[in-house]
Amino acid sequence: MAAATDTRAPRLSAALREGERVMPLELFFDLVFVLALTQCTALMSHRPTWSGLGQGVLVLGVLWWSWTGYAWLTSVVDPEEGAVRIVIFAAMAAFLIVGICVPEAFDELALEFALAYGVVRAAHITLFVLASRGDPALRQSVTSLAVSTAIGVGLLVCASLLDGLGQAALWVLALLLDTGGPYLFGAEGWRLVPGHFAERHGLIIIIALGESIVAIGVGAAASLTVGIAAAAVLGISLAAALWWIYFDVVALVSARRLSRAAEGRERNELARDSYSYLHFPMVAGIVLVALGLKKTLAHVDDPLATVPSFALLGGLALYLLGLVGFRYRHVHTINRQRLLLALVLFALVPAAIELPALATLAIVTVLLSAMIAYETISYGEGRARVRHDHELAPEHTPTQ
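And the structure:
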């Protein structure tokens, strides 16, 4: 007798996805993250105080950690195949509720935020558990992540019952324990496709930059004067400078170094440190810049208040410091001009409180443009080789 044909759908496995292309469903998933970023800016904009700024950064940290978890997941499984896409859609729905709750995540909707966030993380862990069948090392890593995730979500639920410093302390503890789990439990068991992983994080930088452009339009409030027009042009120039600083050389060199890293612990630790961890200050910096731009467009002729001034200049400094750390993790050297400019930006905060917002925006845009010009000239032929030779050996690349 002929053997019966097995028509059952194949089970998810830990095999790496085929190809490095970021898929449409992943970009669709990121649209919900766009709302979450916008809501973080709204939270800080409605509460332009130090506590409001701190709350916004804490919420952003929680959102970032959930997003980067899905970046790791989709480097293992194909998100568009079988039941996986249905679970991704469910996670998107929960992430949407999370985004809606963001402005009241410390107040009226604190519990709803924590529960919806728990659903997002549970869907992530469930898919990883299914994907780790037949791979004991990956299963062990996923189990460890599930533990730290459960603790983090539980602490957020507890925080919803408190307010003030007690609530903030539980948020900080939840974020530290959740993000610290992969560092404490080791990186040997994880898997990723390096080209996909690097592109995924590059695209999220673009999405964050898009939020800064949205902030320009919101800040203008459907009105146009000479000052608002000048601020809008300067704002898009500043966003373009942030794009250039990351994508001109850094993104290319870093993606190639990740691809050339030895598969296993070395590559996983590099991905964890340089992308999952060090991309957060870059994204947070861009969100803070968006807040500063929004306030600038609303009051171009007046000085910025202390917190928006710090958001604009400190956000730019944080972005640059993230890139300094990114380079150090890859090549163990420090980009001195970016570090110096970050310190200068912090030092300019007291002046920004006195100058018209438009003048402050002009100054920081000129400073970043001057640094870009200096780096472009100093990279010389090395920059051209990086941008046009995809097989460039590491020793022939400029060091970002």
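Mapping of the sequence shown onto my numbering: residues 4 to 403, in sequence order.
For each residue, glycine too, the CB sits at the ideal point set by N, CA and C.
Grouping DSSP H, G and I as helix and E and B as strand, with all else coil, what is residue 106? Helix at residue 106.
Could you have a look at residue 82 and say whether DSSP puts it in helix, strand or coil? coil
Is the number of C-beta pairs between the region 90 to 101 and the region 30 to 45 that are closer than 8 angstroms three or more? yes
Out of 125, 144, 356, 134, which has the shortest C-alpha to C-alpha gap to residue 85? 134
Where residue 317 and residue 352 are concerned, what is the direct C-alpha to C-alpha distance, given to the nearest angstrom? Cα to Cα, residue 317 sits roughly 8 angstroms from residue 352.
For the alpha helix (DSSP H) that contains residue 314, what are its first and last residues? Run containing residue 314: 309 to 334, per the alpha helix (DSSP H) assignment.
Assuming residue 114 and residue 151 make a contact with CB atoms under 8 angstroms, what is their CB distance in whole Å? That belief does not hold up - the Cβ atoms of residue 114 and residue 151 are roughly 21 angstroms apart, past 8 angstroms.
Taking only runs of the alpha helix (DSSP H) that begin and end inside the region 263 to 307, which ones reach a length of at least 4 residues, in chain order? 268 to 274, 282 to 301
Going by the CB atoms, is the gap between residue 190 and residue 109 shorter than 9 angstroms? no
Use the C-beta contact count for residue 77: other C-beta atoms within 10 angstroms, 16 or more gives buried, fewer gives exposed. buried
Whole angstroms are fine: how far does the CA of residue 232 sit from the CA of residue 264? 47 angstroms
Could you give the distance in angstroms between the alpha-carbon of residue 17 and the alpha-carbon of residue 257? Per-residue confidence for residue 17 stands at a pLDDT of 36, beneath the threshold of 50, marking its modelled position as unreliable; the derived number appears in the next sentence. Whole-angstrom Cα-Cα distance: 25 angstroms.
When the Cα atoms are used, what is the spatial distance from residue 273 to residue 22? 21 angstroms
Should residue 223 and residue 242 be called a contact, given that it needs their Cβ atoms to be closer than 9 angstroms? No, the Cβ-Cβ distance between residue 223 and residue 242 is not below 9 angstroms.
Mind checking residue 328: buried by the 16 CB within 10 Å criterion, or exposed? buried
Using 9 angstroms as the threshold, is the C-beta distance between residue 292 and residue 40 below it? For the 9 angstroms CB-CB criterion, residue 292 and residue 40 do not form a contact.
Whole-angstrom C-beta distance between residue 268 and residue 261, which should lie under 8 angstroms: Contact doesn't hold; Cβ gap of about 14 angstroms is too wide.
Once DSSP output is grouped into helix, strand and coil, what is the label at residue 51? When DSSP states are grouped into helix, strand and coil, residue 51 belongs to the coil group.
Check whether the region 69 to 76 touches the region 122 to 142, taking contact to mean three or more Cβ pairs, one atom from each stretch, closer than 8 angstroms. yes
If we call anything under 9 angstroms between Cβ atoms a contact, is residue 220 one with residue 364? no
Since residue 359 is in the alpha helix (DSSP H), which residue starts that stretch and which ends it? No alpha helix (DSSP H) contains residue 359, which DSSP labels as neither H nor E.
Measuring CA to CA, which of 80, 122, 103 is closest to residue 141? 80
So residue 247 is in the alpha helix (DSSP H); what residue range does that whole segment cover? 229 to 250
7 angstroms CB neighbourhood of residue 7 in its chain, flanking five on each side removed: Residue placement at residue 7 is flagged as unreliable, the pLDDT there being 44, under the threshold of 50; the coordinate-derived value follows with that caveat. Same-chain partners within the cutoff: there are none.
C-alpha distance - residue 304 paired with residue 298, whole-angstrom precision: 11 angstroms
Residue 202 (DSSP reduced to helix, strand or coil): helix
Enclosing alpha helix (DSSP H) for residue 177 [first to last residue]: 167 to 187
Measure the CB-CB distance between residue 178 and residue 64 and report whether it falls below 9 angstroms. yes
Burial state of residue 350, where buried means 16 or more other Cβ atoms lie within 10 Å: exposed
Tell me the residue span of the alpha helix (DSSP H) that contains residue 341. 339 to 350
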